Amino acid sequence: MRKNSTFYQKAQFIIGLFILTFGISIHTSAQSTCTLDPVFIASPKYGIWPDSATNFASGQVGQPYAQNITVKVPLDTVQSPIKICFTRFELLVPPSYPNYNLPPGLTLTGNPSNLKFPGNANSCAIISGTPTTAGTYTLHFQVDVYGTTILSSMSCPTPVNPNTGSKIQTQNIDYYVISISPASGINELTPLSNLSSFPNPAKDKLNFTFNSQTSEIIQLQILDLTGKLVKFSSIESKAGSNSFSLDISELENGIYFYSLSNKDHIILTNKFILNK
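Residue numbers for the sequence shown follow our numbering, beginning at 1291 and rising by one.
Structure below.
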């Protein structure tokens, strides 16, 4: 955005983004733990993804559904002569739309669990479950933005205390749609599926397994909790079940996320703990 744009415009931009860039992270089984999208984390953008043009993935009655959402809240924005220091974005259920008007069978959870995403941090949420009723559902979210104000020449305090700040703006988002098709007796196969790793916690080597429909080059990325890319590898997969090992002895102890993607940007994500 232009540097001379108003804070209101920038806040709308930040609130109005939602994740998954090149590929939609749909898993073949339902999950309740969200993961950070590595492509969006590595980008210079802030906010939430996918945007309204990309929208959320469709689902099917009786088939597990999972849509990851990554939230990147910036540290500040300048509206001379003041600077807004963001402390948190709160995602709330609008009073008129129970459960965000999600399709029956789906729920929204996040990290942090209270859906209060702190400033200057990368967070995530996930819509998951098994849809029970076909239809087209327009989702409704209420986002409250909290922050403090200082002179534009000053620096916002770090680390950010998410329990501080006053409400700056409230915006209702109602342009995301999830379409649920009726149940079918045919289950479509996904190009990549069943990604897992062991042991967990790991020490100096991590073993991966996944399924692939075709023989192709697969990209593996490992990121730390801040979203920084710490290891990258290319793997030649074969049709069917695949397994490989990766040396992670140079990494420090902690929690890491890893993602597997192919040329069509089909992305699978998971996490592991390194404890030497």
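Beta carbons are placed, not taken as given, at the ideal position from N, Cα and C, and that holds for glycine.
Since the structure is predicted, the reported quantities are computational estimates derived from the model, not experimental observations.
6 Å CB neighbourhood of PRO1328 in its chain, flanking five on each side removed: Taking PRO1328 as the centre and dropping the five residues before and after it, the same chain places the C-beta of GLN1511, LEU1513 and SER1549 closer than 6 Å to its C-beta, in chain order.
Sequence ranges, beta strand (DSSP E) only - wholly within the segment 1481-1534, length at least 3: 1482-1488, 1495-1502, 1507-1513 and 1519-1526
Nonlocal neighbours in the same chain, by C-beta distance under 7 Å from THR1426, ignoring five residues either side: VAL1467 and SER1469
Buried or exposed (CB count within 10 angstroms, at least 16 for buried), ALA1473: exposed
Contact under 9 Å by Cβ, ILE1545 with LYS1561: Contact check for ILE1545 against LYS1561 passes: the beta carbons are separated by less than 9 Å.
Contact the segment 1359-1378 vs the segment 1434-1442: 3+ CB pairs below 8 Å: A contact between stretches requires three or more CB pairs, one per stretch, nearer than 8 Å, and the segment 1359-1378 meets this requirement with the segment 1434-1442.
LYS1518 vs LEU1536 beta-carbon contact at 9 Å: no
ALA1332 - containing alpha helix (DSSP H), residue span: 1328-1332
Nearest-angstrom beta carbon gap, VAL1351 and THR1428 [assumed within contact, 8 Å]: Not quite, the Cβ-Cβ distance comes to about 18 Å (not below 8 Å), so this is no contact.
Residues of its chain near GLY1455, where Cβ-Cβ distance is below 6 Å and the 5 sequence neighbours each way are ignored: Within the same chain, GLY1455 has close Cβ partners THR1377, TYR1436, GLY1437 and THR1438.
Strand pairing of CYS1375, partner residues [DSSP]: ASP1366 and THR1438
Same chain only: Cβ atoms within 6 Å of PRO1408, ignoring 5 sequence neighbours per side: Answer for PRO1408: ARG1378, VAL1450 and PRO1452, listed in chain order.
Local conformation of PRO1385 per DSSP, three classes: coil
Coil, strand or helix - TYR1390 by DSSP: Looking at TYR1390 - three-state DSSP - the assignment turns out to be helix.
Below-9 Å beta-carbon distance, ASN1560 vs any chain C residue: Given the protein chain composition of this structure (a single chain), no chain C is represented.
Coil, strand or helix - SER1456 by DSSP: strand
Run of the beta strand (DSSP E) containing GLY1400, from where it starts to where it stops: Annotation: the continuous beta strand (DSSP E) that includes GLY1400 extends over 1396-1401.
Nearest-angstrom Cα separation, counted from PRO1364 out to ASN1410: 5 Å
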